[in-house]
């Protein structure tokens, strides 16, 4: 009996993982990125990102103790040639 249930549970767990992966990150749906994602996207260091914050090139939004950057701000700063 246990031998028949275990594969079924593994299959259900895999299905649940795929469903959750399909939902994605809700922050991404609203065009918000974490600092780590911004540094990977722009290929800059955290230090450079801090400097951009100080210069007003990119401004983080603070939501519940987390910092997010708007995708539109990143695109705008890139199109204006500042980053």
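In the working numbering, the protein residues as written are 31 to 113.
All C-beta atoms in this analysis are idealised placements derived from N, C-alpha and C, irrespective of residue type, glycine included.
Residues bridged to residue i by DSSP?
i: residue 93; result: 96
Any idea if residue i is buried or exposed, counting beta-carbon neighbours within 10 angstroms, 16 or more meaning buried?
i: residue 38; result: exposed
i: residue 46; result: exposed
Within its chain, find whatever has a CB closer than 8 Å to the CB of residue i; leave out the 5 residues flanking it on each side and keep chain order.
i: residue 90; result: 65, 83, 97, 98 and 99
i: residue 88; result: 68, 79, 82, 99, 103, 104, 107 and 113
Where does residue i sit, in a helix, a strand or coil, going by DSSP?
i: residue 88; result: coil
i: residue 63; result: strand
i: residue 113; result: Residue placement at residue 113 is poorly supported in this model, since its pLDDT is 48, which falls under 50; the coordinates are not used for a value here.
Which residue from the options puts its Cα closest to that of residue i?
i: residue 59; options: 34, 102, 46 and 80; result: 102
Please list, in chain order, all residues of the same chain as residue i whose beta carbon is under 6 Å from its beta carbon, the five residues on each side excluded.
i: residue 62; result: 98
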